[in-house]
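Chains as they are written, first to last, in this note's numbering: chain P, 15 to 184; chain U, 6 to 287.
Note that the Cβ used here is the ideal one computed from N, Cα and C, for glycine as well.
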Amino acid sequence: MKQALYAGLILGLVPLQVTGLNYVGIAGIRPDLTLIATFLIGFLSGGIEGLLMGVLLGCVQDLFSAGSLWVNLIVKGIIGLLAGLLGRHLANATPVTVCAFLFVLSVLSGSIAAVWIRAEDDLTVVPHIIQSVVLPQALFDATLGAVIYWLMPGRRREAEFGDDMALFGR
Amino acid sequence: MLRALSGTTRFILLLLALLLSVIFLLPKQTRSVLQTIGQPISAVVFLPIEALTTLEQSVIGLWQEYVALRHVREDNRQLRRDLDGLQRQNSDLRESAVAAQRLGSLLEFKEQFVPHTVAARVVGRDSTNWYSSVILNKGDRDGIQPEMGVMTSAGIVGRVVKTGPFSSIVLLVTDPHNAITGIIQRSRDEGIVEGTFQGRARIKYLPLLASIRVGDIVVTSGLTGGFPRGIVIGTVLTMQKEEGELFQSAEIAPQADLSKLEEVLIITVPRSLEAQSDVKSK
Chain P
15 MKQALYAGLI LGLVPLQVTG LNYVGIAGIR PDLTLIATFL IGFLSGGIEG
65 LLMGVLLGCV QDLFSAGSLW VNLIVKGIIG LLAGLLGRHL ANATPVTVCA
115 FLFVLSVLSG SIAAVWIRAE DDLTVVPHII QSVVLPQALF DATLGAVIYW
165 LMPGRRREAE FGDDMALFGR
Chain U
6 MLRALSGTTR FILLLLALLL SVIFLLPKQT RSVLQTIGQP ISAVVFLPIE
56 ALTTLEQSVI GLWQEYVALR HVREDNRQLR RDLDGLQRQN SDLRESAVAA
106 QRLGSLLEFK EQFVPHTVAA RVVGRDSTNW YSSVILNKGD RDGIQPEMGV
156 MTSAGIVGRV VKTGPFSSIV LLVTDPHNAI TGIIQRSRDE GIVEGTFQGR
206 ARIKYLPLLA SIRVGDIVVT SGLTGGFPRG IVIGTVLTMQ KEEGELFQSA
256 EIAPQADLSK LEEVLIITVP RSLEAQSDVK SK
């Protein structure tokens, strides 16, 4: 069941991102569905699954973006791993905590991507990009992620954190 | 710590560490490998994109039909009255159409300026917020390659940066990562057209003595590979000349409406390249 859901996400999320989300964007800024999905998978099912799904979703996202073929692959992988680390420390996460974590991670991933993308040209524009793209997108991601989390049935499954506990020394 | 991990997890972590190392140590080689791996994935993921675009078009069509049906009875009466008059006009228009066809073939605009183009449909926008780009439904299999120019009848749109078997990504002229050589049509001063973060374009590196006016048309110079000479890029909105600077620049409003792109033309053989090959063959 889970594998089918993940396969569906890999095949369906990026098409939805490039077509349907054009209608919900504000001033050209749209939420990043792959980032939200990666975060929630890592947060709920552990860092390893988050990392793997982050890499796969990031890879597909890179194929349909004008940028390099590995920026999202790496950034989304890291987000999945960090989400797993955060999820491990929270016994009772609420939509508000999910919103806060997702906002921080979205800003972090956006800032990394902005520096990466502009590194060869002009780094002086990075603060402007953070202000005009990263922060609005993070707000969008955090809100949408919190709503999805709130709507999800049976949010936490502690048993699936076995490998993560070992990985992070607990 | 690592001993406590299961074999599969250890293998996954090792594989990812290896992948990261390879990406950082051999970026160029990694790009080509990822591109090869990405081709079949891109082909599979493109199917839902096509399906969603078709669905989107159907929903828009249904909505428009519903709106149109609301006043259909009144329209029907009016249309019947109009029909008689239109039938008379129809025979006149047939005559005019034949004349227009004849004049159109005389103009031969397409053959003169852009001889080889492939029509493509816009099926999506960039999957991130980082680039101003669109996804087209034509790719490798239709002969599309990176660096090919893309235009509409109004003006240039951008250039192809990535291709998959059935799709290609076009970086719009308003993206800050795009650079095309352009000239001011009136004064023939040359500069580089780059996108801005405000969704417009800017022609940079114009000589200080260049004469530019608001409303001047900027066209392609034909020096960059993907575009023939003389395709409209946009109109000058404002000029910028700062003290102590060696060059001046001007902000341009793109001629093509890049927010409402539906169909575009991909220039498969730019005129400049074609001219070169003609000279060689002669």
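Query: Since P:I24 contacts P:L83 with CB under 8 Å, what's their CB separation in whole angstroms?; Result: Rounded, the Cβ-Cβ distance is 16 Å, inconsistent with contact.
Query: State the beta-bridge partners of U:G196 as determined by DSSP.; Result: U:G187
Query: Helix, strand or coil for P:R102, going by three-state DSSP, please let me know.; Result: helix
Query: Judging by CA-CA distance, which residue of P:L35, P:A114, P:A18 and P:R102 is the nearest neighbour of P:I62?; Result: P:R102
Query: In chain order, what residues of the same chain have a beta carbon less than 7 Å from the beta carbon of P:A156, not counting five sequence neighbours either side?; Result: C113, L116, F117 and S120
Query: Note the first and the last residue of the continuous alpha helix (DSSP H) segment covering U:H76.; Result: Here U:H76 belongs to no alpha helix (DSSP H), and DSSP marks it neither H nor E.
Query: So for P:M67, helix, strand or coil by DSSP?; Result: helix
Query: Does U:G66 pass the burial test, meaning 16 or more other C-beta atoms within 10 Å, or should it be called exposed?; Result: exposed
Query: Taking the continuous alpha helix (DSSP H) assigned at P:S120, which residues delimit it?; Result: P109 to R132
Query: When the Cα of U:V128 is compared with those of U:A73, U:Q34, U:T201 and U:L60, which residue comes out closest?; Result: U:L60
Query: By how many angstroms is the C-alpha of P:R132 removed from the C-alpha of U:L111?; Result: Low confidence applies here, because U:L111 scores a pLDDT of 44, under 50, leaving its location unreliable and the question unanswered by this model.
Query: Under a three-way DSSP split, which group does U:L236 fall into?; Result: First, the residue type needs correcting, since residue 236 of chain U is Ile and not Leu in the sequence shown. Here U:I236 sits in coil by DSSP.
Query: Three-state secondary structure (DSSP) at U:Q260?; Result: coil
Query: Flag U:W135 as yes if its beta-carbon sits less than 7 Å from any beta-carbon of chain C, otherwise no.; Result: In the structure shown, chain C does not exist; the protein chains are P and U.
Query: If we ignore side chains and look at the alpha-carbon of each, how far apart do U:L176 and U:K265 end up?; Result: 15 Å
Query: Taking the alpha carbon of P:V89 as the reference point, which residue from U:L25, U:V162, U:Q253 and U:S37 has its own alpha carbon closest?; Result: U:L25
Query: Which residue marks the beginning of the beta strand (DSSP E) containing U:H121, and which one marks its end?; Result: H121 to R130
Query: Using a C-beta to C-beta distance shorter than 7 Å, which residues of chain U count as neighbours of P:W84?; Result: I28, T35 and L39
Query: Any idea which residues DSSP pairs U:F252 with across the strands?; Result: U:P212
Query: So, does the CB of P:A97 fall closer than 7 Å to a CB anywhere in chain U?; Result: no
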